[in-house]
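For reference, the structure discussed in these notes is given below.
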Amino acid sequence: MSVLVTGGLGYIGSHTCVELMNSGAEVVVVDNLYNCKKSSYDRIKALVGKDFKFYECDIRDAEGMSEIFEKESIDSVIHFAGLKAVGESVEKPLEYFDNNVNGTLVLLDVMRKHGCKKIVFSSSATVYGMNNVSPLTEDMEVGGVTNPYGRTKYMIECILKDLYVSDNAWSICLLRYFNPIGAHKSGTMGEDPNGIPNNLMPYITQVAIKKREFLNVWGDDYDTPDGTGVRDYIHVVDLALGHLKAVEKVEGENGLFIYNLGTGTGYSVLDVVKAFEKASGQEIPYKIGPRRAGDIATCYSEPSKALNELGWKAERGIEEMCEDSWRWQSQNPNGYPD
Ligand code: NAD
Ligand code: UD1
Numbered sequence: 007m008s009v010l011v012t013g014g015l016g017y018i019g020s021h022t023c024v025e026l027m028n029s030g031a032e033v034v035v036v037d038n039l040y041n042c043k044k045s046s047y048d049r050i051k052a053l054v055g056k057d058f059k060f061y062e063c064d065i066r067d068a069e070g071m072s073e074i075f076e077k078e079s080i081d082s083v084i085h086f087a088g089l090k091a092v093g094e095s096v097e098k099p100l101e102y103f104d105n106n107v108n109g110t111l112v113l114l115d116v117m118r119k120h121g122c123k124k125i126v127f128s129s130s131a132t133v134y135g136m137n138n139v140s141p142l143t144e145d146m147e148v149g150g151v152t153n154p155y156g157r158t159k160y161m162i163e164c165i166l167k168d169l170y171v172s173d174n175a176w177s178i179c180l181l182r183y184f185n186p187i188g189a190h191k192s193g194t195m196g197e198d199p200n201g202i203p204n205n206l207m208p209y210i211t212q213v214a215i216k217k218r219e220f221l222n223v224w225g226d227d228y229d230t231p232d233g234t235g236v237r238d239y240i241h242v243v244d245l246a247l248g249h250l251k252a253v254e255k256v257e258g259e260n261g262l263f264i265y266n267l268g269t270g271t272g273y274s275v276l277d278v279v280k281a282f283e284k285a286s287g288q289e290i291p292y293k294i295g296p297r298r299a300g301d302i303a304t305c306y307s308e309p310s311k312a313l314n315e316l317g318w319k320a321e322r323g324i325e326e327m328c329e330d331s332w333r334w335q336s337q338n339p340n341g342y343p344d
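When we follow this note's numbering, the leftmost residue of the sequence shown carries the number 7, and every step to the right adds one.
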């Protein structure tokens, strides 16, 4: 089995490539290196102990993508490539729609022309919007999104659903990720954000290595047990393993499948701070700040559909997520080498 992984050198893609190759699959990676370093390729290779194909190419480059499909025999695609910073998407909506939505259209057209009709797509819990009440189930209405990033995920879900209606020979799996954190056990691969991290865990780890003075906790007056926001954090290796099951699904039958990838358990910001302090032995100073625009109080999954239909469930708990995030950050204070 040969899987094309777009965005395969990024945070979730790199962990998925390792698990795919460990399971015996052939992997071909396409990445334009916009939000990752080339050394991520070397780290993946070192971990699995074997070489794999990497093409530096933008998914919007139809010609370049076609050449890859002509050279390689691709059975299915896992599509991670995309821009993902919520705040930046508000400032640069055209870039987000072009990269994420147009990029996906180009990819799908190239796939169709080469007779490859199996795709697993990185969607997000953000498509559930502001109005659904957790635990979130796959049959809830989606689309109440509040920012261009979220809208690109929702639009791509719509495009893929319409594509399946037009041609039932496609096999499409939409994976709605909750909050991926953690890193590979080896400490050699992890999340390496550019600039000031937006997300909670990379911010905490940068406070722990004293790159940042303190954590801003965005609001402590939510209707949650301690007043801070509650999320469904999932270990990135569990998430990666979910992709293996999703690829098996699209390889095995045609259809349009939608799954939450989460643990089903919510932790507050202060729960994560405490768990991280325990796992790392580092103190995380924090200050309570105002609410962040666009945030909701509580967001966690109902994960049983993925268990029932894919035989997948998250196995790693919050302690392990924190330990592995800390190992990665403490061993690589500046992230991947240039
Ligand atoms: P990431 O930025 O680490 O990885 C994305 C990779 O795609 C990067 O290596 C980047 O260089 C590449 N890329 C971007 N645009 C490209 C293009 N036009 N052509 C080729 N390569 C391109 O992000 P990640 O955290 O690994 O996320 C992967 C996917 O999962 C994204 O689509 C993201 O929106 C989605 N997602 C992420 C999260 C999260 O919290 N990390 C949550 C929900 C959904
Ligand atoms: C954010 C995005 C979401 C995206 C997801 C994964 C927003 C509004 N939503 O979700 O679209 O799919 O990341 O990439 O940006 N927090 C702090 N201090 C910080 C950072 C975060 O208190 O410095 C809090 C937040 O208020 C929230 C929780 O920590 O309660 C998690 O935040 P974050 O990691 O940014 O993820 P989400 O907000 O769930």
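By construction, the Cβ of each residue, glycine as well, lies at the ideal position given by its N, Cα and C atoms. In this text, all values refer to a predicted model and were calculated from it rather than measured experimentally.
Does DSSP classify serine 177 as helix, strand or coil? strand
Could you tell me which uninterrupted beta strand (DSSP E) segments, each at least 3 residues in length, are contained entirely in the stretch 28-53, listed from first to last along the chain? 32-37
Cβ-Cβ distance between threonine 194 and valine 236 below 9 Å: Not a contact, by the Cβ cut-off of 9 Å.
Quick check: is any heavy atom of ligand 1 less than 8 Å from the C-beta of glycine 19? Because some heavy atom of ligand 1 lies under 8 Å away, the Cβ of glycine 19 counts as near it: yes.
In chain order, what residues of the same chain lie with their CB nearer than 6 Å to the CB of isoleucine 34, ignoring the 5 residues before and after it? According to the sequence shown, residue 34 is valine rather than isoleucine. Exclusion of the five residues before and after valine 34 leaves Leu10, Lys59, Glu78 as the residues of its chain whose Cβ lies within less than 6 Å of its Cβ.
Going by C-alpha to C-alpha distance, which of Arg182, Lys255, Ala320 sits closest to threonine 271? Ala320
Using a 10 Å radius around the Cβ and a threshold of 16 neighbouring Cβ atoms, would you call isoleucine 202 buried or exposed? exposed
Identified DSSP bridge partners for valine 126: Ile84, Cys179
Taking the C-alpha atoms as reference points, what is the distance between alanine 285 and glutamate 329? 5 Å
Is the separation between the beta-carbon of glycine 188 and that of valine 242 shorter than 9 Å? yes
Taking the DSSP output, what are the residues bridged to tryptophan 224? DSSP, once it has assigned bridges, lists Gly295 as partnering tryptophan 224.
Using C-beta distances below 6 Å, list every residue in its chain close to leucine 276, excluding the 5 sequence neighbours before and after it, in chain order. Asp232, Thr234
From Gln335, Tyr170, Val92, residue whose alpha carbon lies closest to that of threonine 158: Ranking Gln335, Tyr170, Val92 by Cα distance to threonine 158 puts Val92 first.
So does alanine 131 have its beta carbon nearer than 8 Å to some heavy atom of ligand 1? yes
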